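Below you'll find the structure, written out as structure tokens, and then a few comments.
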Amino acid sequence: MAANRIIQISAVIDFICPWCFIGKRRMEKAIHQIKSVYPNVEFNVTWHPYQIIPDMSREPQSKLPYIISRFGEKRTAEMVPYMQQVGQKEGIHFSYDGVVADTLDAQRLLHWSHQFGKQNEVVEEIFKDYSETKACISDSDVLVSIAERVGLDKTKALHYLKSEEDFNYIRNEIKKHSQGIFGVPNFVIQDKYTLSGAQESHVFSQLFEEILNEMKI
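Just so we're aligned, residue 131 is where the sequence shown starts under our numbering, counting upward by one.
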């Protein structure tokens with residue numbers, strides 16, 4: 131292969147959605163598989179905000195009771211072990227001992243990190259903190275810790291989070307996506323193909339192969 135080829139992916143996610151984390155991991159598995167065959171193929175993933183529950187309080191609420199309040203005890207009792215089983219297959223250890231809260235600041239941090247080329251690292255750490263620990267991802271201290279872990283300047287991250295910068299932009303982006311798609315995760319590849327939901331990794335791989343064939347790799 132004479133030159134690198136780049137596959138562009140636009141991903142819309144909500145951090146409190148377990149299927150978004152699963153979809154992310156499945157996409158990454160497919161990317162790894164494709165790169166093992168075509169090492170000169172690059173993937174550029176850009177992450178965009180969504181909120182399943184746009185009016186969620188910024189005050190943390192216990193995760194499991196909140197889920198029960200939305201889905202009922204019977205459905206939650208079935209859903210929790212199922213999600214944990216599915217997550218285990220993707221290397222995710224879903225915990226329901228933590229809290230839920232508004233994700234706007236987490237989405238702002240993700241947006242802010244784009245200019246530093248750190249979106250992939252930030253999105254992974256936010257998902258892990260929310261899904262696998264008791265951390266509150268609306269807490270600026272938690273978000274600053276994430277920024278520092280991925281190599282971003284914690285002072286600049288805190289200054290950004292304490293400001294109102296990009297509040298309106300992120301809200302408008304969430305509104306735009308809520309009108310343009312029917313659920314998350316949502317992946318648009320090459321501005322041409324859409325995969326909605328947490329598709330299995332082989333679905334991503336097959337589409338990537340088709341795109342590479344179009345590129346005549």
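Ideal Cβ placement from N, Cα and C applies to all residues, glycine included.
Since the structure is predicted, the reported quantities are computational estimates derived from the model, not experimental observations.
State the DSSP-derived secondary structure class of residue i, mapped to helix, strand or coil.
i    : result
Q191 : strand
R135 : strand
A265 : coil
L282 : coil
I143 : strand
E330 : coil
T350 : The chain is shown from 131 up to 347; residue 350 falls before or after that span and cannot be answered.
Y168 : coil
Y196 : helix
Y323 : strand
M84  : Because the chain spans 131 through 347 in this model, residue 84 falls outside it and cannot be assessed.
F224 : coil
S275 : helix
Looking at chain E, is there any beta carbon in it that lies within less than 8 Å of the beta carbon of residue i?
i    : result
V229 : Here there is only one protein chain, and chain E is not present.
According to the Cβ coordinates, are residue i and residue j closer than 8 Å?
i    : j    : result
F257 : K154 : yes
A141 : S187 : no
I267 : A236 : yes
L291 : S270 : yes
S261 : F173 : no
T263 : D144 : no
E251 : V280 : yes
For the alpha helix (DSSP H) that contains residue i, what are its first and last residues?
i    : result
F173 : Unbroken run through F173 is the beta strand (DSSP E), V171 to P179; no alpha helix (DSSP H).
P211 : E203 to K219
Q309 : F297 to G310
Which word fits residue i, buried or exposed, when buried means at least 16 other C-beta atoms lie within 10 angstroms of its C-beta?
i    : result
F297 : exposed
I136 : exposed
P315 : buried
A207 : exposed
D321 : exposed
Q309 : exposed
R205 : exposed
N343 : exposed
P179 : buried
F334 : buried
V171 : buried
G202 : exposed
Considering residue i, what are the terminal residues of the beta strand (DSSP E) in which it resides?
i    : result
I319 : N316 to I319
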